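Okay, so here's the structure we're looking at.
Protein chains in written order, with our numbering: chain H, 1 to 130; chain A, 131 to 506.
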């Protein structure tokens, strides 16, 4: 079978070389950092001044990742149970259903998503009070 | 040496190797037990089971709203058709009518998902033949799409956005403008992919006449998506059984007649242009209105005793869900029919017989096999 060289197909791919003089699209981390995204489903925060300790978040969590535990610090006077959610980040799938059902809108998810700890038990995460 | 099938023994001179479960051919874990005569495959048997998480059973034990967060995990590269199927199945069973705006937003999400899935396929196809430029480019372009998903739903890969009764959030301000700018950029870049990948002599040499599917068996065996359209058969759920607002949108069903991996690549390339075309129409016609209809509380949301089968066209083919309600707040049965079930067994095993070892990843990627939807 005669071989007919595909000259165009052999030369054209070299046009990719022009990309080598382009600026990179990636960020120069850590000098440059990503802009925060509004509505990002990152780590939970829970405003203790608003939380009423109803347990709706615990009830809807399909991974059973939320436990209601004794609150420390100043809490909402309407929080009759005195309990606030603690989230097991070994089980959480960041679906956000807990924040959807939160009546007083105290439990939310914000942009933080990095966490480092040598203590595995700290994966039972107490949302920051914000 | 004669070719062996799944049920016959191979000659004693062949060498048996396991290809996988981790390898560049598929997104997920699936292995091929290959019998080789030199570099040529004489028998191929698919092994799955590395990813089984029991999705169908998990859904039966959770309320409808809780279950919605599980289904997207059935397919990693393109989770949104699962969300659409699940939401539309529930809406059909519960008799919910969703707003026009929600329908347009869903089409936007599904087409963006198709586009990013094709970019991911392009990266995999390039990687499987040792092409080092296009995978970097494709993953980079895909990330721009994921940035939009992030702004829209709060998540990059698993969006959990298409919700029974509509969508979870309204469009954030400026998203359609960002999408329009991105589409301009992607469309401007696509000819570069032609020059570097699709028209590349080396790529054509690797993809042409490899993984040739028998077009006569395509319909009978239930092939779908780019595999079917690469055989010259213009079947697409968006056209054959329109859902959402696809019947109001103009788009073509691209086909190729080569039946090989290169034909499937060209089909996907043309589909990327069609997705961009659909997205431009969605941007121009996005109606105002509600994005979510009123739903009962999650533990009081009950489905009647009825069953339905819903289908969505994913980037890899028709994705079907059979759903049955029994009058409670749980689904009695959910059955997932992904395109990979056929492509990963009925098609792949005979297709690999006679192929070269170096083409295994290429063929698997070209069929768009996704193991999680085989063992759901």
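Where is the CB? At the ideal position from N, CA and C, for every residue including glycine. All figures in this text were calculated on a predicted structure; none of them were measured in a lab.
Environment of residue 397/A [buried if 16+ CB atoms lie within 10 Å]: Translated into the one-based positions of the second chain, residue 397/A becomes position 267. Buried, by the Cβ-count rule.
Proximity below 8 Å, CB of residue 39/H to CB of residue 302/A: One-based indexing of the first chain puts residue 39/H at position 39. One-based indexing of the second chain puts residue 302/A at position 172. For residue 39/H and residue 302/A, yes; Cβs fall inside 8 Å.
Residue 72/H versus 49/H, 88/H, 29/H, 56/H, residue with shortest Cα-Cα distance: Counting from one through the first chain, the residue named residue 72/H turns up at place 72. Taking only the C-alpha atoms, the option nearest residue 72/H is 49/H.
DSSP state of residue 460/A mapped onto helix, strand, coil: Reading the second chain from its first residue, position 330 is the one you call residue 460/A. Note: residue 460/A maps to strand in three-state DSSP.
Close beta carbons around residue 271/A, own chain, < 7 Å, minus the five adjacent residues each side: What you label residue 271/A is simply residue 141 of the second chain in a count that begins at 1. Within the same chain, residue 271/A has close Cβ partners 249, 316, 319.
Backbone CA spacing between residue 135/A and residue 190/A [nearest angstrom]: Locating residue 135/A in the second chain gives position 5, where the first residue counts as 1. Locating residue 190/A in the second chain gives position 60, where the first residue counts as 1. The alpha-carbon atoms of residue 135/A and residue 190/A are separated by roughly 37 Å.
Residue 12/H at chain A interface by Cβ criterion, 8 Å: The sequence position of residue 12/H within the first chain is 12, counting from 1. It does: the Cβ of residue 12/H has a partner Cβ on chain A nearer than 8 Å.
Secondary structure of residue 142/A, DSSP reduced to three states: Looking up residue 142/A in the second chain gives position 12. Coil, per DSSP.
At least three beta-carbon pairs within less than 8 Å, the region 181-195 of chain A to the region 453-464 of chain A: yes
Partner residues on chain H for residue 199/A, Cβ-Cβ distance less than 8 Å: By one-based count along the second chain, residue 199/A stands at place 69. Under the 8 Å cutoff, chain H gives 62, 93, 95, 97.
Residue nearest to residue 460/A in terms of C-alpha spacing, selected from 446/A, 406/A, 434/A: For this step, residue 460/A is matched to residue 330 along the second chain. Ranked by Cα distance from residue 460/A, the first of 446/A, 406/A, 434/A is 434/A.
Cβ distance (whole Å) where residue 437/A is taken to contact residue 452/A below 8 Å: Counted from its first residue, the second chain places residue 437/A at position 307. Counted from its first residue, the second chain places residue 452/A at position 322. Sure, about 7 Å apart at Cβ, within 8 Å.
Proximal residues of chain A, C-beta to C-beta of residue 16/H below 9 Å: On the first chain, residue 16/H is found 16 positions in, with the first residue counted as 1. Chain A residues near residue 16/H: 263, 264, 267, 322, 325, 326.
Coil, strand or helix - residue 162/A by DSSP: Within the second chain, numbered from 1, the residue matching residue 162/A stands at position 32. DSSP places residue 162/A in strand when its eight states are reduced to three.
Residues of its chain near residue 81/H, where Cβ-Cβ distance is below 6 Å and the 5 sequence neighbours each way are ignored: The sequence position of residue 81/H within the first chain is 81, counting from 1. The residues are 53.
Pairwise C-alpha distance: residue 473/A and residue 131/A: Working through the second chain from its first residue, we reach residue 131/A at position 1. Working through the second chain from its first residue, we reach residue 473/A at position 343. Here the model assigns residue 131/A a pLDDT of 49, short of 50, so the residue's position is not dependable, and the following value carries that caveat. So the alpha carbons of these two residues sit roughly 26 Å apart.
CB contact check: residue 243/A to chain H, cutoff 8 Å: Along the second chain, one-based indexing puts residue 243/A at 113. It does not: the Cβ of residue 243/A has no partner Cβ on chain H nearer than 8 Å.
Which of helix, strand or coil DSSP assigns to residue 287/A: For the purposes of this step, residue 287/A is identified with residue 157 of the second chain, where counting begins at 1. Coil, per DSSP.
CB contact check: residue 280/A to chain H, cutoff 8 Å: As a position in the second chain, residue 280/A is number 150, starting the count at 1. Yes, residue 280/A lies at the interface with chain H (some Cβ there is under 8 Å from its Cβ).
Short CB-CB distance (under 8 Å) between residue 39/H and chain A: One-based indexing of the first chain puts residue 39/H at position 39. Chain A contact via Cβ: present.
Cβ distance (whole Å) where residue 355/A is taken to contact residue 258/A below 8 Å: For the purposes of this step, residue 355/A is taken as the residue at position 225 of the second chain. For the purposes of this step, residue 258/A is taken as the residue at position 128 of the second chain. The pair is not a contact, with the Cβ atoms about 18 Å apart (cut-off 8 Å).
Separation of residue 276/A from residue 246/A, as counted between CA atoms: Start at 1 with the first residue of the second chain, and residue 246/A comes out as number 116. Start at 1 with the first residue of the second chain, and residue 276/A comes out as number 146. In a straight line, the C-alpha of residue 246/A is about 8 Å away from that of residue 276/A.
Touch test, the region 29-48 of chain H against the region 98-110 of chain H, Cβ-Cβ under 8 Å, three pairs minimum: Judged by pairs of C-beta atoms under 8 Å, the region 29-48 of chain H touches the region 98-110 of chain H, as three or more such pairs exist.
Below-8 Å beta-carbon distance, residue 454/A vs any chain H residue: Counted from its first residue, the second chain places residue 454/A at position 324. The Cβ of residue 454/A sits no closer than 8 Å to any Cβ of chain H.
Option nearest residue 222/A by Cα separation, candidates 441/A, 386/A, 492/A, 162/A: The residue you call residue 222/A lines up with position 92 of the second chain. Of the candidates 441/A, 386/A, 492/A, 162/A, the one whose C-alpha sits nearest the C-alpha of residue 222/A is 441/A.
Within chain A, partners of residue 6/H - CB distance below 8 Å: Reading the first chain from its first residue, position 6 is the one you call residue 6/H. Residues of chain A passing the Cβ test: 331, 334.
Option in 428/A, 439/A, 416/A with minimal Cα separation from residue 236/A: Start at 1 with the first residue of the second chain, and residue 236/A comes out as number 106. Comparing alpha-carbon positions, the option among 428/A, 439/A, 416/A lying closest to residue 236/A turns out to be 416/A.
Burial state of residue 79/H, where buried means 16 or more other Cβ atoms lie within 10 Å: Locating residue 79/H in the first chain gives position 79, where the first residue counts as 1. The residue in question, residue 79/H, is buried, as its Cβ has 16 or more Cβ neighbours within 10 Å.
Segment limits, beta strand (DSSP E) that includes residue 439/A: Position 309 of the second chain, counted from the first residue, corresponds to residue 439/A. It spans 436-444 - the beta strand (DSSP E) in which residue 439/A sits, taken as one unbroken run.
Near-chain H residues of the region 134-165 of chain A (beta-carbon distance less than 8 Å), N- to C-terminal order: none
Whole-angstrom C-beta distance between residue 340/A and residue 389/A, which should lie under 8 Å: Translated into positions along the second chain, residue 389/A becomes position 259. Translated into positions along the second chain, residue 340/A becomes position 210. The Cβ separation is near 11 Å, so there is no contact.
Through-space distance from residue 392/A to residue 358/A, alpha-carbon basis: Numbered from its first residue, the second chain carries residue 358/A at position 228. Numbered from its first residue, the second chain carries residue 392/A at position 262. Straight-line Cα distance between these residues: approximately 13 Å.
Alpha-carbon spacing of residue 485/A relative to residue 363/A, whole angstroms: As a first step, residue 485/A must be located in the second chain, where it is residue number 355. As a first step, residue 363/A must be located in the second chain, where it is residue number 233. When rounded, the separation of the alpha-carbon atoms in residue 485/A and residue 363/A is 24 Å.
Partner residues on chain A for residue 9/H, Cβ-Cβ distance less than 7 Å: Taking the first chain and counting its residues from 1, the one referred to as residue 9/H is at position 9. 329, 330, 331, 334, listed in chain order.
Residue 193/A classed as buried or exposed, judged by whether at least 16 other C-beta atoms fall within 10 angstroms: The sequence position of residue 193/A within the second chain is 63, counting from 1. Per the 10 Å Cβ criterion, buried.
Proximal chain A residues relative to residue 25/H, where beta-carbon distance stays under 9 Å: Indexing the first chain from 1 puts residue 25/H at position 25. The answer, in chain order, is 270, 273, 274.
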